[in-house]
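**Q** Residue numbers (our numbering): 366 to 858. Sharing a structure, written as structure tokens. Questions coming.
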């Protein structure tokens with residue numbers, strides 16, 4: 366694909382032409398810098414899970430790594446414990462001595478480190494460009510998609526690790542088996558989560574690609590569905606060995622048509638190359654698996670939900686392609702340890718259930734609610750932290766549809782991720798639309814304030830959901846402590 370990729374910057378919501386060639390050139394530059402072992406790399410926004418994982422991965426490759434972030438957190442403490450120097454706050458002096466700088470898409474151009482780097486001619490690269498460059502240096506399995514890519518990446522990593530395959534891992538969540546969001550194990554195999562949100566997905570040169578599903582949920586990054594589809598088709602066309610996609614997803618099928626390598630479908634429909642019949646969805650999926658028309662055997666997962674059945678089938682299809690025996694795959698998926706904040710669940714002595722989940726899209730929230738209702742006997746209370754003003758505005762109707770079904774809802778301020786306030790995308794805007802549907806919704810000044818309001822009203826059988834991709838996770842310790850739960854000892858997973 367050549368030509369113009371249109372990107373809407375959240376700061377101005379106007380169409381700005383950015384060429385895919387520019388991102389590809391940045392990825393090529395990243396590839397050159399990655400070959401310079403011993404170079405000094407500064408990561409701006411190092412406290413995010415993706416950046417923290419990249420930090421330890423780059424250090425394992427022989428680079429000297431440090432970084433900065435706006436505020437301290439668990440990942441910052443983990444990095445510091447691992448010996449990576451992290452500065453809190455932003456200051457131009459942080460990049461003194463850096464040979465190159467890596468930033469997240471959430472870091473604005475006005476950030477002092479970014480401005481100083483450009484003044485001094487220090488290369489500044491997007492995280493996605495660096496991971497895309499890494500994909501060329503390994504036999505990479507790149508897993509992308511709107512939903513499920515973090516879990517699918519972790520499933521595949523744990524399957525390959527369990528089968529004795531030496532592989533590195535670069536994910537988008539805290540993998541409890543890898544003991545972090547990344548693992549550099551040596552060898553030529555890399556299982557990587559490939560972020561589709563900022564256009565850098567078009568820069569990958571993976572051996573094998575996986576598309577879990579696709580929805581148009583990154584309006585600020587692409588502007589329209591056609592552009593997003595075109596960039597993903599370019600990704601598919603760059604996969605050297607094979608592309609895996611869900612058989613029943615027409616959008617993914619259209620993307621997969623661009624692949625020159627073999628296309629392998631998976632899913633719960635009998636026409637998929639790797640298919641399954643789902644006998645039980647909750648509490649844990651049980652299904653009968655077929656490959657190319659032949660029965661492979663039964664499969665029981667450690668997790669429930671139709672969406673997790675699809676994630677597992679994607680991982681299974683790739684593992685089979687790589688020559689892993691079905692029985693070893695089955696054993697690994699039966700023992701699969703979920704990534705942190707993917708339906709983390711605790712039950713108190715008083716019979717109250719607490720669930721913490723990263724879900725911040727209507728589809729994902731629907732999956733969580735479906736899982737909760739499969740077991741819940743009481744009321745469902747939700748504290749939801751919307752993520753980005755642009756997404757809240759774009760997906761407002763979907764949020765209203767799924768959240769209007771809960772018993773009691775508390776909305777916190779939008780987690781902006783550096784975006785300015787956008788009319789129609791605020792918490793008050795979402796609350797107003799929900800009330801028009803008759804939903805009992807309250808707004809709170811923070812996740813902790815919402816918890817303070819809810820706590821006295823919970824009773825046996827109730828479920829409390831903590832939903833969002835921002836800092837709502839920070840109140841989990843408070844909630845569990847107030848309810849008398851020791852986090853590690855009482856974790857259900």
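In this text, a Cβ means the ideal position worked out from N, Cα and C, and glycines have one as well. In this text the structure is predicted, and so the values were computed from the model without any measurement.
Can you list, in chain order, the residues of its chain with a C-beta nearer than 6 Å to that of residue 718? Leave out the 5 residues immediately preceding and following it.
**A** Counting from one through the chain shown, the residue named residue 718 turns up at place 353. Closer than 6 Å at the Cβ level, and outside the excluded window around residue 718, lie 712, 828.
**Q** With DSSP run on the structure shown, which of helix, strand or coil describes residue 587?
**A** In the chain shown, the residue the question calls residue 587 occupies position 222. In this structure, residue 587 counts as helix in the three-state DSSP scheme.
**Q** Please classify residue 601: is it buried, with 16 or more other beta-carbons within 10 angstroms of its beta-carbon, or exposed?
**A** For the purposes of this step, residue 601 is taken as the residue at position 236 of the chain shown. So residue 601 ends up on the buried side.
**Q** Taking the straight line between their C-alpha atoms, what separation do you get for residue 587 and residue 509?
**A** For the purposes of this step, residue 587 is taken as the residue at position 222 of the chain shown. For the purposes of this step, residue 509 is taken as the residue at position 144 of the chain shown. So the two alpha carbons sit approximately 16 Å from each other.
**Q** Quick check: what's the CA-CA separation for residue 660 versus residue 616?
**A** What you label residue 660 is simply residue 295 of the chain shown in a count that begins at 1. What you label residue 616 is simply residue 251 of the chain shown in a count that begins at 1. Each residue's Cα considered, the two are about 28 Å apart.
**Q** Mind the definition here: the segment 741 to 750 touches the segment 832 to 849 only if three or more C-beta pairs lie below 8 Å; say whether that holds.
**A** Yes, the segment 741 to 750 is in contact with the segment 832 to 849.
**Q** Taking the alpha carbon of residue 698 as the point to measure from, which residue in 435, 520, 526 has its own alpha carbon closest?
**A** Your numbering for residue 698 matches position 333 in the chain shown. Nearest of 435, 520, 526 to residue 698, Cα basis: 520.
**Q** First and last residue of the alpha helix (DSSP H) that includes residue 754?
**A** Walking along the chain shown from the start, residue 754 turns up at place 389. First-last of the alpha helix (DSSP H) with residue 754: 754 to 759.
**Q** Distance check for residue 515 and residue 417, CA to CA, integer angstroms please.
**A** Here the question's residue 417 lines up with position 52 in the chain shown. Here the question's residue 515 lines up with position 150 in the chain shown. Approximately 15 Å, taken between the alpha carbons.
**Q** Around the Cβ of residue 761, are there at least 16 other Cβ atoms within 10 angstroms (buried) or fewer (exposed)?
**A** Here residue 761 is taken as the residue at index 396 of the chain shown, counted from 1. Buried, because 16 or more other Cβ atoms sit within 10 Å of the Cβ of residue 761.
**Q** How about residue 341 and residue 648: are their beta carbons less than 7 Å apart?
**A** The question about residue 341 has no answer, for the chain in this structure spans 366 to 858.
**Q** By how many angstroms is the C-alpha of residue 810 removed from the C-alpha of residue 560?
**A** Walking along the chain shown from the start, residue 560 turns up at place 195. Walking along the chain shown from the start, residue 810 turns up at place 445. If I take the Cα positions, the gap works out to 31 Å.
**Q** Which residue wins for smallest C-alpha separation from residue 796, given the options 765, 457, 824, 529?
**A** For this step, residue 796 is matched to residue 431 along the chain shown. Among 765, 457, 824, 529, the Cα nearest to that of residue 796 is on 765.
**Q** So the beta strand (DSSP E) residue 774 belongs to, where does it begin and stop?
**A** Here residue 774 refers to the residue found at position 409 when the chain shown is read from its first residue. Taken as a continuous stretch (DSSP letters only), the beta strand (DSSP E) holding residue 774 covers 773 to 776.
**Q** Indicate whether the contact test is met: 3 or more Cβ pairs, each with one atom in the segment 522 to 532 and one in the segment 679 to 694, closer than 8 Å.
**A** They touch, by the three-pair rule.
**Q** So residue 483 is in the alpha helix (DSSP H); what residue range does that whole segment cover?
**A** Here residue 483 is taken as the residue at index 118 of the chain shown, counted from 1. It spans 477 to 485 - the alpha helix (DSSP H) in which residue 483 sits, taken as one unbroken run.
**Q** Quick check on the DSSP output: the beta strand (DSSP E) that includes residue 847 runs from which residue to which?
**A** Counted from its first residue, the chain shown places residue 847 at position 482. Unbroken run through residue 847 is the alpha helix (DSSP H), 841 to 847; no beta strand (DSSP E).
**Q** How big is the Cα-Cα spacing for residue 359 and residue 753?
**A** Outside the shown range of the chain (366 to 858) lies residue 359, about which nothing can therefore be said.
**Q** Could you tell me the alpha carbon to alpha carbon distance between residue 807 and residue 547, rounded to whole angstroms?
**A** If you number the chain shown from 1, residue 807 lands on position 442. If you number the chain shown from 1, residue 547 lands on position 182. Residue 807 and residue 547: Cα-Cα distance of roughly 38 Å.
**Q** Check each candidate in 536, 819, 477, 578 and name the one with the smallest Cα separation from residue 345.
**A** Only positions 366 to 858 of the chain appear in the structure, and residue 345 is not among them; the question remains open.
**Q** Express the C-alpha separation of residue 665 and residue 631 in angstroms, rounding to a whole number.
**A** Residue 631 sits at position 266 when you count from the first residue of the chain shown. Residue 665 sits at position 300 when you count from the first residue of the chain shown. Distance between the alpha carbons of residue 631 and residue 665: 17 Å.
**Q** Find the nearest neighbour of residue 676 within the set 393, 517, 470, 497, judged by alpha-carbon distance.
**A** The residue you call residue 676 lines up with position 311 of the chain shown. It is 517.
**Q** Per DSSP, which one or two residues make a beta bridge with residue 709?
**A** Looking up residue 709 in the chain shown gives position 344. DSSP, once it has assigned bridges, lists 721 as partnering residue 709.
**Q** Using the Cβ count rule (16 or more neighbours within 10 Å means buried), how would you classify residue 442?
**A** As a working mapping, residue 442 is identified with position 77 in the chain shown. Exposed.
**Q** Tell me the rounded alpha-carbon separation between residue 533 and residue 742.
**A** The count along the chain shown starts at 1 and reaches residue 533 at position 168. The count along the chain shown starts at 1 and reaches residue 742 at position 377. Each residue's alpha carbon lies about 42 Å from the other.
**Q** Starting from residue 391, follow the alpha helix (DSSP H) in both directions and report where the run begins and ends.
**A** As a first step, residue 391 is located in the chain shown; it is residue number 26 there, counting from the start. It spans 385 to 399 - the alpha helix (DSSP H) in which residue 391 sits, taken as one unbroken run.
**Q** Are residue 680 and residue 524 closer than 7 Å when you measure CB to CB?
**A** Start at 1 with the first residue of the chain shown, and residue 680 comes out as number 315. Start at 1 with the first residue of the chain shown, and residue 524 comes out as number 159. Their beta carbons are under 7 Å apart, which means residue 680 touches residue 524 by this criterion.
**Q** Taking the alpha helix (DSSP H) that residue 656 belongs to, which residues open and close that run?
**A** Locating residue 656 in the chain shown gives position 291, counting from the first residue. Premise fails: residue 656 lies in the beta strand (DSSP E), 651 to 656, not in any alpha helix (DSSP H).
**Q** Beta-carbon separation of residue 832 and residue 724 under 7 Å?
**A** Within the chain shown, numbered from 1, the residue matching residue 832 stands at position 467. Within the chain shown, numbered from 1, the residue matching residue 724 stands at position 359. Contact flag set, yes.
**Q** Might you give, ordered along the chain, the residues of its own chain that have their beta carbon closer than 7 Å to the beta carbon of residue 550, omitting 5 neighbours on each side?
**A** Residue mapping note: residue 550 aligns to position 185 of the chain shown, counting from 1. So the qualifying residues of the chain are 531, 532, 533.
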